[in-house]
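Here the protein sequences line up with chains L and R, keeping their order. Letter by letter, the first sequence follows residues 85 to 272 of our numbering. Letter by letter, the second sequence follows residues 85 to 272 of our numbering. This report refers to the structure that appears directly beneath it.
Number of protein chains: 2
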Amino acid sequence: MQHKSFRNMPCPIARSLERVGEWWSMLIMRDALFGLTRFDEFQNSLGIAPNMLARRLNALVEAGLLERHRYSAHPPRDEYRPTQRGRDFRPVLIALLAFGNRHFAPEGASVTIVDAQTGVEAEPVIVDRASGRPIREPEFAWVPGPAAGERTRQRYARRPPSGTRAAAAQADPRIIRKGSPNEPRRKA
Amino acid sequence: MQHKSFRNMPCPIARSLERVGEWWSMLIMRDALFGLTRFDEFQNSLGIAPNMLARRLNALVEAGLLERHRYSAHPPRDEYRPTQRGRDFRPVLIALLAFGNRHFAPEGASVTIVDAQTGVEAEPVIVDRASGRPIREPEFAWVPGPAAGERTRQRYARRPPSGTRAAAAQADPRIIRKGSPNEPRRKA
């Protein structure tokens with residue numbers, strides 16, 4: 085499946101999606117971090133076509149999230165284990181799990197995260213490691229980093245200083261927003 | 085673009101991906117949460133084909149992450165604002181940002197999250213809201229929830245009790261792992 089490459093976009097979200105931003109890749113990582121390692125285990129779990137699974141496994145090895153280990157020479161058989169980079173992907177899956185449980189599980193949670201000792205259900209929230217404070221606006225802000233290029237800096241420079249326009253508009257619908265530089269036009 | 089539907093999978097990660105698990109959808113949500121609202125703003129930001137953008141915006145409205153607001157009747161023009169559900173998606177983007185900055189920004193961060201008052205860079209980490217403890221194994225575990233079906237329960241029942249097989253194998257490569265119920269076979 086071809087798509088426009090995000091690899092050269094500076095945005096760290098786009099770069100992550102370039103490597104794992106495909107339905108199957110995220111579910112393969114979910115299964116790999118769960119402990120599945122072998123081709124047929126992934127296939128049984130996902131019901132994915134073998135050629136698609138092979139392609140996604142190769143891409144995840146190439147992106148450095150999985151490592152291939154040959155466990156049988158005759159016949160040749162490989163297994164796939166998460167690397168440190170692959171294990172670092174777990175917070176994305178936890179965030180997706182929490183989001184799915186909150187919004188798309190009307191019948192209750194099918195999978196949940198609990199304290200392994202007490203069994204008490206955890207509520208995942210993203211905080212700043214040093215201060216422990218929840219990362220949310222307006223206490224925290226997204227800003228251009230040291231390696232930001234001109235386009236990223238301009239993008240952030242044009243942004244209203246506090247919160248988003250949309251949030252501001254919801255808070256006060258009387259706010260009159262200026263048109264964007266290019267006249268808005270709904271194309272479809 | 086057609087793909088196998090994840091909607092009927094019980095896994096909350098799969099269900100989230102069904103709604104937003106597409107490269108463009110996540111970047112549209114990134115831009116919408118940044119404050120962009122209008123069709124041409126998204127198009128300028130993303131360099132996406134208009135028909136694809138229209139399709140993804142419609143899907144995000146249908147999934148309840150964006151709301152459409154008509155701001156001009158003649159000519160008809162809509163803008164798109166994040167709903168509460170859309171705002172709840174932000175932790176997924178923060179986790180992707182942190183992952184991308186850690187692993188795919190060799191030249192340094194292009195975008196980063198800072199304390200809005202002090203400008204000190206934040207380090208996003210997922211914790212349990214009540215206890216403040218980082219959600220990681222083996223302190224926390226993924227378990228079947230109250231709505232788990234038979235397949236999910238079996239899946240977790242077969243799992244080794246602590247950690248993943250892959251993690252165990254890395255910690256002690258002498259561990260001999262049993263074959264999976266279906267004889268492993270690399271299909272491609």
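No residue lacks a Cβ here, since even glycine has one placed at the ideal position from N, Cα and C. Predicted, not measured: the structure shown is a model, and the values here were computed from it.
Cutoff 7 Å; reference residue i; Cβ partners in own chain excluding five residues on either side
i, result
"L/His187", "none"
"L/His153", "Asp162, Glu163 and Arg165"
"L/Val209", "Pro218"
"R/Arg220", "none"
C-beta neighbour in chain L for residue i, strict 8 Å
i, result
"R/Ile197", "yes"
"R/Phe126", "no"
"R/Asn92", "no"
"R/His187", "yes"
"R/Glu191", "yes"
"R/Ala241", "no"
"R/Ala98", "yes"
"R/Ala157", "no"
"R/Glu223", "yes"
Residue i, DSSP secondary structure in three states
i, result
"R/Glu125", "helix"
"L/Pro96", "helix"
Sequence-distant residues of its chain with Cβ nearer than 8 Å to residue i (five each side left out)
i, result
"R/Leu130", "Trp108, Leu111, Ile112, Asp115 and Leu137"
"L/Arg237", "Pro228"
"R/Thr167", "Gly148, Leu149, Leu150 and Glu151"
Chain-order list of residues whose beta-carbon lies under 6 Å from that of residue i (same chain, five-residue window excluded)
i, result
"L/Glu205", "Thr196 and Val198"
"L/Arg103", "Ala147"
"R/Arg122", "Glu163"
Nearest-angstrom Cβ-Cβ length linking residue i and residue j, presumed shorter than 8 Å
i, j, result
"L/Glu207", "R/Asp212", "6 Å"
"L/Ala179", "R/Val176", "4 Å"
"L/Gly229", "R/Gly192", "6 Å"
"L/Leu149", "L/Arg169", "5 Å"
"L/Gly119", "R/Arg243", "6 Å"
"L/Ala203", "R/Gly216", "A small correction: the amino acid at residue 203 of chain L is Gly; Ala does not occupy that position in the sequence shown. Not really, about 18 Å apart at Cβ, beyond 8 Å."
"L/Pro160", "R/Leu181", "Contact flag wrong, Cβ pair sits at about 39 Å."
Segment limits, alpha helix (DSSP H) that includes residue i
i, result
"R/Val204", "Here R/Val204 belongs to no alpha helix (DSSP H), and DSSP marks it neither H nor E."
"R/Ile178", "Arg174 to His187"
"L/Thr236", "Glu234 to Ala241"
"L/Leu111", "Trp107 to Phe118"
"R/Pro134", "Pro134 to Glu146"
Start and end residues, beta strand (DSSP E) containing residue i
i, result
"R/Ala225", "Phe224 to Pro228"
"R/Arg161", "Arg161 to Pro166"
"R/Leu150", "Leu150 to Ser156"
"L/Ile197", "Val195 to Asp199"
Neighbour flag for residue i against chain R, beta carbons, 8 Å
i, result
"L/Thr248", "Low per-residue confidence applies at L/Thr248: pLDDT is 46, beneath 50, and the placement is therefore not dependable, though the value from the model is reported in the following sentence. True, the Cβ-Cβ gap to chain R drops below 8 Å."
"L/Val145", "no"
"L/Ala214", "yes"
"L/Ile112", "no"
"L/Glu207", "yes"
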